[in-house]
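Here the structure is laid out as C-alpha cells; the discussion comes afterwards.
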Amino acid sequence: MQSFSSAEFVKSLPVLERFVHALPRENYQPVPQDWYVAVTDVVRSRKAIADGRYKAVNLAGVSMISAIMNAVGHQDMLYIFGGDGAAVVFSPEDKAAVERALSSTVSWVEDELELQLRAAIVPVSEIRDAGHDVLVAAIRVSSSITNYAFVGGGIGFAEKLMKEGKSNIEKAIGNERPDLTGLSCRWTPVGEAGKKIVSLIVEPPADGEELADEAVTELMKLVQADSSAASPMPKGGPGFKWPPEGLRLEARASGMNRVLLYLITLLAWILDKTGWSLGKFDPVRYREYVSLNTDYRKIQDGIRMTVSLADDSVGRLRDLLEGYREDGKLRYGICEQDEAVLTCFVPSITTDNHFHFLDGAGGGYAAAADDLK
C-alpha cells in the first residue's frame, strides 16, 4: 500500500455529506499499513466526574488532540474524542512528534489537572495481525470542519492494549510541557428545560458483527440523528458568562498569566454581549460556527451520540434499545443528565475551523461505557 503523510491521506478521503452515509461499511477506507494509532484515557474518570471534575476530565480527554495537532503544525489528522480520552491515527513521519506530545501531555495532566492519563501508540500492522482493522471515513460537520468515523475494531483493540499496560507512553521527565495553544472551556453548560441530555453508545452484539439495519434506522429516526434537531447546541451558540467557569483550567492549559487571561476573556465577553466586531473577529459568526462545529455524534465500531431529547422520547429510546438488545441485535450503554459541556480547540478566533467537543456533564460517554459493560 502506498505510504502517505497524514495530511496527504486526510485530504485524499472522500467527504461524506450526511452522518447516515457513514453507517455502511463500504464507505470506509483502510489506513496505510505502516501507520500508528495513538490512544489515551483518564484513569478512574467516573470518580473524578462524580466529584464534579467533569470539565477537567474532558479537558484531559481533548488535550492529546490539541497537543498532537500543535506538534505536527496542522489540523489534517484523523481523530476521535471519547469523553475521557481520544484517539489519533497518524503516519510514520509524525511518530517522533506524537510520542513527545503524548509524553508531555501525560505529565501535564498529572501535574496540572491532578488526574492520571494513560497513553499508548500501537502500530496498525500489529492491530491487523491480531485480526482487527482500522478503517476510516470522513464526515462533513460544517463548511470548515470534518470529523472522522472508525470501524474495524482497531481503535478498541489499541485501547485494550493500553489498559493492559502494553505499548504505553511514559510521562515526560523534567519540565517539558505540551503545546496546548487553543485548548479552552469557556462556555457555560448547555441544557434545556423539559429535556434530557442523553449520552449513548450503541454497538453490535459481538465483535466483528454489524448493527442490524432496522435497529439503526429506527434509532436514527427516533433521535433525529441526521439533522441538527438532535444537537443539544442552541443555533446561536451556548451561554458565556464572565469570568468563565473554566478559566483556571484554561490558564493551566495555555500557561498564560491568569490576570491577562481574565482581561482577554472580559474583552471577549463584552464583544459577545454587544455583538461588536474587533478586527477580523465577528462574535455573531463565531457563535454560529461554535454550534455548527460541535461534535455531538460519531462512529467508533458503533454509534456514539450526545443528544437532547424530551422525557417521553427518552423512554421510547430505552424501550427501543432494550427490545433490540433482548433480540440479540445490539448492546448499548446510556447516561441521562440535565446538561452537556463543551471543551474547545480554537486555533484562531478569526477563522471558522475551531473544534468543539461535547459530552454529558453527569457522566457522559464514560458512564455510558460503564453501562455498556
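Under numbering that gives the first Met the number 0, the residue at position 231 of the sequence shown is numbered 230, and the numbers go up by one with no gaps. Backbone N, C-alpha and C fix where the C-beta goes; we use that ideal spot for every residue, glycine too. Computed from a prediction, not measured in an experiment: that's the story for all the values here.
Within this structure, are the beta carbons of isoleucine 408 and glutamate 98 separated by less than 8 Å? The requested residue 408 does not occur in the structure, where the chain is confined to residues 0 to 372.
Straight-line Cα distance separating valine 123 from glycine 51: The residue labelled residue 51 in the question sits at position 52 within the sequence shown. The residue labelled residue 123 in the question sits at position 124 within the sequence shown. Roughly 36 Å between the two C-alpha positions.
Under the three-state reduction of DSSP, which class applies to leucine 308: helix, strand or coil? Taking the first residue of the sequence shown as 1, we reach residue 308 at position 309. Strand at leucine 308.
Roughly how many angstroms separate the alpha carbons of alanine 360 and glycine 332, rounded to a whole number? In the sequence shown, the residue the question calls residue 360 occupies position 361. In the sequence shown, the residue the question calls residue 332 occupies position 333. In this structure, the straight-line span from the alpha carbon of alanine 360 to that of glycine 332 is close to 16 Å.
Quick check on tryptophan 34: buried or exposed, where buried means 16 or more other Cβ atoms within 10 Å of its Cβ? For the purposes of this step, residue 34 is taken as residue 35 along the sequence shown, with counting starting at 1. Result: buried.
Assuming contact is defined by CB atoms lying nearer than 8 Å, are proline 237 and threonine 187 in contact in what I supplied? Taking the sequence shown and counting its residues from 1, the one referred to as residue 237 is at position 238. Taking the sequence shown and counting its residues from 1, the one referred to as residue 187 is at position 188. Cβ atoms of proline 237 and threonine 187: closer than 8 Å.
Output needed for arginine 324: all residues of its chain with C-beta closer than 7 Å, excluding positions within five of it in sequence on either side, in chain order. For the purposes of this step, residue 324 is taken as residue 325 along the sequence shown, with counting starting at 1. Answer for arginine 324: Arg330, Tyr331, listed in chain order.
Quick one: what does DSSP say glutamate 249 is sitting in, helix, strand or coil? Counting from 1 along the sequence shown, the entry for residue 249 is found at position 250. DSSP, reduced to helix, strand and coil, places glutamate 249 within a helical segment of the structure shown.
How far does the beta strand (DSSP E) with proline 282 in it reach, from first residue to last? Working through the sequence shown from its first residue, we reach residue 282 at position 283. Note, proline 282: premise wrong, no beta strand (DSSP E); alpha helix (DSSP H) at 282-291.
I'd like to confirm the pairing. Which residues does DSSP put opposite serine 103 in its beta bridges? In the sequence shown, the residue the question calls residue 103 occupies position 104. None, per the DSSP bridge assignment.
Looking at alanine 37 and phenylalanine 89, is the spacing between their C-beta atoms short of 8 Å? Against the sequence shown, residue 89 aligns to sequence position 90. Against the sequence shown, residue 37 aligns to sequence position 38. Less than 8 Å separates the beta-carbon of phenylalanine 89 from that of alanine 37.
Contact under 8 Å by Cβ, isoleucine 196 with alanine 365: Along the sequence shown, read from residue 1 onward, the residue named residue 196 stands at position 197. Along the sequence shown, read from residue 1 onward, the residue named residue 365 stands at position 366. No. Outside cutoff.
Looking only at DSSP bridge pairs, what is arginine 257 linked to? The residue you call residue 257 lines up with position 258 of the sequence shown. In DSSP, arginine 257 forms no bridge with anything.
Measuring only the C-alpha atoms, how far is glutamine 115 from valine 105? As a first step, residue 115 must be located in the sequence shown, where it is residue number 116. As a first step, residue 105 must be located in the sequence shown, where it is residue number 106. Our two residues, glutamine 115 and valine 105, have alpha carbons roughly 7 Å apart in a direct line.
Where the alpha helix (DSSP H) through alanine 37 begins and ends: Within the sequence shown, numbered from 1, the residue matching residue 37 stands at position 38. Unbroken run through alanine 37 is the beta strand (DSSP E), 35-41; no alpha helix (DSSP H).
Please tell me whether aspartate 93 and valine 121 are closer than 8 Å, where the distance is taken between their beta carbons. Along the sequence shown, one-based indexing puts residue 93 at 94. Along the sequence shown, one-based indexing puts residue 121 at 122. Contact: no.
If you draw a straight line from the alpha carbon of phenylalanine 344 to that of asparagine 292, how long is it in whole angstroms? Taking the first residue of the sequence shown as 1, we reach residue 344 at position 345. Taking the first residue of the sequence shown as 1, we reach residue 292 at position 293. In this structure, the alpha-carbon of phenylalanine 344 lies about 11 Å from that of asparagine 292.
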